[in-house]
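Student: Just dropping this structure here.
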Amino acid sequence: MAVSNQEFLVTGVPSVDSLKSKILSYRQQGILLDKWLEKRIENILPQVMKNAGIDCWIIANNEYNEDPVYWTISPFSCITARRLTILVFYLNSEGKIERYSVTRYPVDNYVQKWTDTSISQMDTLAAFLKQLNPDKIGVNMSKDFAYADGLSVTLYNDMMTVFDDDQKKKVVSAENIAVGWLETRSEEEMAAYNDIVGIAHTMIAEAYSNKVIHPGVTSADDVKYWMMEKTVELGLEPWFDYEVSITRDGHIHLDGDEVILPGDMLHCDVGFRYLNLCTDTQELCYILKDDELDAPEDLKRAMKVTNRLQDIVIEHFKTGSTGNEILLGSLAQAEEEGIDATIYTHPLGFHGHAAGPTIGLWDMQGGVPGSGDYPLHDNTAYSLELNAKVYVPSLDKTVRMAMETDILYKGGKVFFLAGRQTQFHLVK
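Below you can see the structure in the form of structure tokens.
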């Protein structure tokens, strides 16, 4: 490890601005995302619908009250629904997806079915479904997953009003389609994810340096907003309000105006969306005292304990295991190894707190009913979020070491996206 000194800290830290040339323009992103979408619909959706046992899936939403799935499955130009937008996906006998829109305005790559406006949209939908005659009609209703619960009560009632008795019997929850569609990453997305997370690591590394932090002058909020503003400058989209907090003498200072001082440990939580994929990262920084060239040994040991906890959770990632099984198995092993652990790992993808198995919540360490019972699938991404409470002798206190790193589960194996933190960022 490089010894901390002023020259190293200033010149050895990459600038996130150096990555700007890699970030696509808005137009270029749209072209790429539409290509990815076509491949997703061709390669992912048929299998997801087949696994769910549903051959017809309806997404219906009103303008400015969009279904959470809508923007992930509609062309890039469809920033919002227009008036009432109804999309119909049909898995035909050849295992191919047929796409239809029952809309006032045409949707690219969808066959428009509402051409006679003397007949209402809902009546047109009912007539078309009678012609299509699917075995099951999936709609987005779910008790356990908000992403799969996007059909409003009003639109559901409107459907039930025009559907005949046979159609009503066919209506089922499309929860497994919606969650499966959202959680599954395409080959292109998996290939791109590493560099997307790499942008986050580079941004944090620069924020956690003397380029940004002047001990005794810079506040926690100064660092937070430097990262948020840099995110926007780069053309990325923050998906939550970033956080930078200070742990001083074992106590957490959450006041954003708190000025950073030597001996402080900084914790950040940063997440943005690029190419429709979210990052979610927490890393730690130590502010060196005058007589220090590195973080205290007991703090470094505390990070190693937290890294070990990450390894434990990863060891329990097995295809088909539920979120609760991964959680409880990991906690049991951590306890055997003497680690005071809290695990709150979550899926990552189109959303930051995304669709898929919930692997603990910070306040539900006994398991999460519903979303925690969902199984782990291949080609999915997660934010490995957790903390270990470790006694630090030099402080004579137990310190909560919270870390979060993004991972990909592919081929039954876990891969760290752009690596993980194993050493403190250092500022003199």
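In case it helps, the numbering used here puts the sequence shown at residues -8 to 419. All residues carry an ideal CB built from backbone N, CA and C; glycine is no exception.
1) Whose C-beta lies closer than 6 Å to the C-beta of Ser385 among residues of the same chain, with five residues either side of it excluded?
2) Taking all protein chains shown into account, do 16 or more other C-beta atoms lie within 10 angstroms of the C-beta of Met26, making it buried, or fewer, making it exposed?
3) Asp331 by DSSP, collapsed to three states: which one?
4) Return the first residue and the last residue of the alpha helix (DSSP H) that Gly189 is part of.
5) I need the boundaries of the alpha helix (DSSP H) containing Val296, first residue and last residue.
6) Please report how far the alpha carbon of Cys259 lies from the alpha carbon of Lys291, in whole angstroms.
7) What's the call for Ser423, buried or exposed, on a 16-neighbour Cβ count within 10 Å?
8) Keeping to the same chain, check which residues put their C-beta closer than 6 Å to that of Pro59; ignore five residues upstream and five downstream.
9) Does the distance from the CB of Gly129 to the CB of Ala165 come in under 7 Å?
10) Could you give the first and the last residue of the continuous beta strand (DSSP E) run that contains Pro338?
11) Could you name the residues that DSSP lists as bridge partners for Arg74?
12) If you measure between the beta carbons of Tyr61 and Asn53, is that distance less than 7 Å?
13) Where does Lys30 sit, in a helix, a strand or coil, going by DSSP?
14) Relative to the alpha-carbon of Ile88, which residue among Ser236, Val39, Ile243, Phe136 has its alpha-carbon at the smallest distance?
15) On a Cα-Cα basis, can you pick out the residue from His244, Ala191, Thr71, Asn267 that is closest to Glu174?
16) Do Phe263 and Glu228 have their beta-carbon atoms positioned less than 7 Å apart in this structure?
17) Going by CA-CA distance only, name the one from Arg95, Asp126, Leu23 that's closest to Lys41.
18) Taking one C-beta from the region 246 to 261 and one from the region 158 to 172 each time, how about it: are there three or more such pairs within less than 8 Å?
19) Express the C-alpha separation of Ala211 and Lys388 in angstroms, rounding to a whole number.
20) Among Phe341, Met394, Asn298, Phe407, which residue has its Cα nearest to the Cα of Arg176?
21) In its own chain, which residues sit with a C-beta less than 8 Å from the C-beta of Cys269, not counting the 5 before and 5 after it?
22) If I measure Cβ to Cβ from Gly363 and keep anything under 6 Å in the same chain, skipping five residues before and after, which residues do I get?
23) Whole angstroms is fine: what's the gap from Arg18's alpha carbon to Thr76's?
24) Sorted by chain position, which residues of the same chain lie with C-beta nearer than 7 Å to Thr336's C-beta, five sequence neighbours on each side aside?
25) What's the call for Ile243, buried or exposed, on a 16-neighbour Cβ count within 10 Å?
26) Would you mind sorting His205 into buried or exposed? The rule is 16 or more other CB atoms within 10 Å of its CB.
27) Could you check if Leu279 is buried or exposed, using at least 16 other CB atoms within 10 Å of its CB as the buried criterion?
28) Is the beta carbon of Val383 less than 7 Å from the beta carbon of Ala325?
29) From the DSSP output, which residues share a beta bridge with Tyr17?
30) Ser6 and Glu274 - do their beta-carbons sit closer together than 7 Å?
31) Have a look at the DSSP bridge pairing and note the partners of Thr396.
32) Check the C-beta distance from Met150 over to Met113 and give it rounded, since I have them as a contact under 8 Å.
33) Short of 6 Å in beta carbon distance, which residues of its chain neighbour Val405, apart from the five on each side in sequence? Order them along the chain.
34) If Thr272 sits next to His192, beta carbons under 8 Å apart, how far is it from one beta carbon to the other, in whole angstroms?
35) Cutting at 6 Å between CB atoms, please list the residues of its own chain near Val(-6), excluding the five before and the five after it.
36) Write down every uninterrupted run of the beta strand (DSSP E) in the region 89 to 156 whose length is 3 residues or greater and which is fully enclosed by it, in chain order.
Tutor: If we stick to the structure as given:
1) Pro287, Asp289
2) The residue asked about is misnamed: residue 26 is Lys in this sequence, not Met. By the neighbour-count rule (16 or more Cβ atoms within 10 Å), Lys26 is not buried but exposed.
3) strand
4) 178 to 198
5) 288 to 306
6) 17 Å
7) Because the chain here runs from -8 to 419, residue 423 falls outside it and cannot be looked at.
8) Tyr138, Gly141
9) yes
10) 337 to 339
11) Arg74 pairs with nothing; no bridge assigned.
12) no
13) If DSSP states are grouped into helix, strand and coil, Lys30 belongs with the helices.
14) Val39
15) Asn267
16) yes
17) Lys41 has its Cα closest to that of Asp126, out of Arg95, Asp126, Leu23.
18) no
19) 22 Å
20) By alpha-carbon distance to Arg176, the top candidate from Phe341, Met394, Asn298, Phe407 is Phe341.
21) Trp230, Gly262, Phe263, Leu339, Gly340, Phe341, His342, Gly343, Ala345
22) Counting only Cβ-Cβ distances below 6 Å, and skipping sequence neighbours, we find Gly314, Asn315, Thr349.
23) Arg18 and Thr76: Cα-Cα distance of roughly 24 Å.
24) Val304, Ile350, Gly351, Tyr373, Ser374, Leu375, Glu376, Leu377
25) exposed
26) exposed
27) A residue is called buried when at least 16 other Cβ atoms come within 10 angstroms of its Cβ; Leu279 meets this threshold and is buried.
28) no
29) Paired residues: none, contrary to the question.
30) no
31) Note: Thr396 sits in a beta bridge opposite Leu375.
32) 6 Å
33) For Val405, where only same-chain residues beyond five positions count, the Cβ hits under 6 Å are Ile305, Phe308, Ile398.
34) Under the criterion of beta carbons closer than 8 Å, Thr272 and His192 qualify as touching, at roughly 7 Å.
35) The predicted model places Val(-6) with a pLDDT of 34, which falls under 50 and marks its position as unreliable; any figure quoted below should be read in that light. Around Val(-6): Leu284.
36) Counting only unbroken stretches of 3 or more residues, the beta strand (DSSP E) elements lying wholly within the region 89 to 156 are 128 to 130, in sequence order.
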